[in-house]
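Numbering (my numbering), first residue to last: 889 to 1134. Let me begin by presenting the structure, written as structure tokens, before commenting on it.
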């Protein structure tokens, strides 16, 4: 039987839940709607989903808290698309810091939400379309680190594992497949998120900052990801394929 993607919508606004749920159903997706974090937790205990649409502004546990909880638990690999207020850039930034895969600003068109959902689902199931990977599993070595492309985590020289969010992994893979080459923000956003940048879109800068933290890279004098003024970023070290994970 063909798999039908299951979308969980978490929003305290009943009208939005029903409108979004019905629209996604009409477009071939399976949907479940819940009103708050408690209902979300109860549902996820028994039913896996392919993606969670999570509103930030909710009473009780808000979307930022719930996103952080998801990323720390057994659902850390489940994609999260956050719904944010139009004039609150801070929430969007924090949402990405918490590990959200994408965000959509309210008010939004249901068609755009569907497009964003499909884009996130595609990104979580494959590498960016213009990256050719011949091995199903590799260890990529750079500096003091190795990236396990099967488990999607970092290993340092002592064997300590550092987990990556989906967005962090995709950005690092783009850098590792294009080492020592300057990539601008539009290229990075398109390769990692499949969309063009808005004028004030800071998501790539935010992801770079998060990735530097994972790599223990000093933002003032980075050894791995260097900022090229007025151009973008460059991964400055060579990358070596050292084999498959054990």
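Note that the Cβ used here is the ideal one computed from N, Cα and C, for glycine as well.
Return the chain-ordered list of same chain residues with a C-beta closer than 6 Å to the C-beta of residue 1045, the five sequence neighbours on each side being excluded.
Translated into the one-based positions of the chain shown, residue 1045 becomes position 157. Hits under 6 Å: 1032.
With 16 as the cutoff for other CB atoms within 10 Å, does residue 930 come out buried or exposed?
The residue you call residue 930 lines up with position 42 of the chain shown. Exposed, since its Cβ has fewer than 16 Cβ neighbours within 10 Å.
So, are the CB atoms of residue 969 and residue 993 less than 7 Å apart?
Taking the first residue of the chain shown as 1, we reach residue 969 at position 81. Taking the first residue of the chain shown as 1, we reach residue 993 at position 105. No.
Quick check on this structure: which residue in 938, 934, 959, 890 has the alpha carbon closest to the alpha carbon of residue 1009?
Here residue 1009 refers to the residue found at position 121 of the chain shown. Closest option to residue 1009, Cα to Cα, is 938.
Which residue's Cα is closest to the Cα of residue 1066: 1030, 961, 1043?
The count along the chain shown starts at 1 and reaches residue 1066 at position 178. Nearest option by C-alpha distance: 1030.
Just grab the DSSP bridge partners of residue 1098 for me.
For the purposes of this step, residue 1098 is taken as the residue at position 210 of the chain shown. The partner list for residue 1098 (beta bridge, DSSP) is empty, contrary to what the question assumes.
Report yes if the C-beta distance between residue 1099 and residue 1056 is below 7 Å; otherwise report no.
Residue mapping note: residue 1099 aligns to position 211 of the chain shown, counting from 1. Residue mapping note: residue 1056 aligns to position 168 of the chain shown, counting from 1. Yes, the pair counts as a contact, with Cβ atoms nearer than the cut-off.
I'd like the span of the alpha helix (DSSP H) that includes residue 914, first residue to last.
The residue given as residue 914 occupies position 26 in the chain shown. Residue 914 -> alpha helix (DSSP H) spans 902 to 914.
When you compare only the Cα positions, how much space is there between residue 1071 and residue 1078?
Stepping through the chain shown from its first residue, residue 1071 is reached at position 183. Stepping through the chain shown from its first residue, residue 1078 is reached at position 190. Residue 1071 and residue 1078: Cα-Cα distance of roughly 11 Å.
Quick one: using the 10 Å Cβ neighbour count with 16 as the cut-off for buried, is residue 919 buried or exposed?
Stepping through the chain shown from its first residue, residue 919 is reached at position 31. Residue 919 comes out buried.
Assuming residue 952 contacts residue 983 (C-beta within less than 8 Å), just tell me the rounded distance between them.
To locate residue 952, count along the chain shown from 1; it is residue 64. To locate residue 983, count along the chain shown from 1; it is residue 95. With a Cβ gap of about 6 Å, residue 952 and residue 983 count as contacting.
Please classify residue 916 as buried or exposed, where buried requires at least 16 neighbouring CB atoms within 10 angstroms.
Sequence index remark: in the chain shown, residue 916 carries index 28 (1-based). Its Cβ having fewer than 16 others within 10 Å, residue 916 is exposed.
Label residue 944 either buried or exposed according to how many other C-beta atoms from any shown protein chain fall within 10 Å of its C-beta, with 16 as the threshold for buried.
Counting from one through the chain shown, the residue named residue 944 turns up at place 56. It is buried - the Cβ of residue 944 has at least 16 other Cβ atoms within 10 Å.
Under the rule that 16 or more other beta-carbon atoms within 10 Å means buried, what is residue 870, buried or exposed?
Within the shown structure, residues of the chain are numbered from 889 to 1134, placing residue 870 beyond reach of any answer.
Does the Cβ-Cβ distance between residue 967 and residue 1012 come in under 7 Å?
Within the chain shown, residue 967 is the residue found at index 79, counting from 1. Within the chain shown, residue 1012 is the residue found at index 124, counting from 1. Yes, the Cβ-Cβ distance between residue 967 and residue 1012 is below 7 Å.
Taking C-alpha atoms, which residue in 1034, 973, 1042, 1052 lies nearest to residue 964?
If you number the chain shown from 1, residue 964 lands on position 76. Among 1034, 973, 1042, 1052, the Cα nearest to that of residue 964 is on 1052.
Hey, residue 1076 and residue 1062 are a contact pair by Cβ (cut 8 Å); roughly how many whole angstroms apart?
Here residue 1076 refers to the residue found at position 188 of the chain shown. Here residue 1062 refers to the residue found at position 174 of the chain shown. Rounded, the Cβ-Cβ distance is 6 Å, consistent with contact.
With distance defined between alpha-carbon atoms, name the residue in 1034, 1108, 1097 nearest to residue 1126.
The residue labelled residue 1126 in the question sits at position 238 within the chain shown. The candidate whose alpha carbon is nearest that of residue 1126 is 1034.
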